[in-house]
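**Q** When the letters of the sequence shown are read in order and numbered with my numbering, they come out as residues 1159 to 1290. Backbone N, C-alpha and C define an ideal beta-carbon position, used for all residues, glycine too. Predicted model only: the values in this text are computed from it and were never measured. Got a structure for you, written out below as structure tokens; questions coming shortly.
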Amino acid sequence: MKIDHVGVAVRDIEESIRFYTRSFGLKVLHREDVPGQNVRVAFLAGAAGETAVELLEPLGGEGAVARHLEKRGPGLHHLAFHTGAIEQDMERLRAEGKPPLDDAPRPGARGHRVCFLHPKHCEGVLIELVEG
Ligand code: CMX
């Protein structure tokens, strides 16, 4: 599978955007609030077609990214793989004993369908599948 993006939990998305654009020349490809995940996100990359960096700032209150910042601080949050057939991959992973956290794909950023796999099934890494 192609790596779609690497997710990074941040406290201040504007400050992080300045960091990646000034220090590493990345450009912002897309910005969005994802209320279903309670996050504000920005996708950045160096050139078209490259694996993106997704910055994730909590929108406030509860949520996976807010908990991550509270317990683990800012830093690498998840690794996302692109799939052309998310339901089939979810079924295959279930059969392999790695059940996705979600029973069915849910709406993610950029209008894509996503699901997550718990780090305990993935060598300590939170993994996202992205179809779209
Ligand atoms: N990477 C690696 N390990 C992680 C982790 C992460 N991002 N987040 C939690 N863990 C580990 C913890 O260290 C802990 O390990 P131990 O049991 O060995 O101590 C275990 O997972 C459980 O952690 P927790 O803090 O008790 O559990 P949470 O309540 O934070 O839930 C998880 C963890 C993965 C189930 C939850 O974060 C989740 O459902 N994530 C999927 C959704 C998501 O992350 N959405 C935000 C991204 C949205 C987007 O990309 O648009």
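What does DSSP give as the partner residues of LYS1185 in its beta bridges?
**A** The count along the sequence shown starts at 1 and reaches residue 1185 at position 27. DSSP output for LYS1185 lists ALA1203 as bridge partner(s).
**Q** Under the rule that 16 or more other beta-carbon atoms within 10 Å means buried, what is THR1179, buried or exposed?
**A** Position 21 of the sequence shown, counted from the first residue, corresponds to residue 1179. When all chains shown are included, THR1179 counts as exposed.
**Q** Three-state secondary structure (DSSP) at ASP1247?
**A** Sequence index remark: in the sequence shown, residue 1247 carries index 89 (1-based). Helix at ASP1247.
**Q** What is the rounded straight-line gap between the Cα of GLU1173 and the Cα of LYS1229?
**A** Position 15 of the sequence shown holds residue 1173. Position 71 of the sequence shown holds residue 1229. Going by the C-alpha atoms only, they are around 21 Å apart.
**Q** Taking the alpha-carbon positions, what's the GLU1208 to HIS1240 distance?
**A** As a position in the sequence shown, residue 1208 is number 50, starting the count at 1. As a position in the sequence shown, residue 1240 is number 82, starting the count at 1. Spanning the two alpha carbons is a distance of roughly 13 Å.
**Q** Closest by CA to ALA1267, which one among PRO1277, GLY1194, MET1159?
**A** The residue you call residue 1267 lines up with position 109 of the sequence shown. For the residues PRO1277, GLY1194, MET1159, the minimum Cα distance to ALA1267 belongs to GLY1194.
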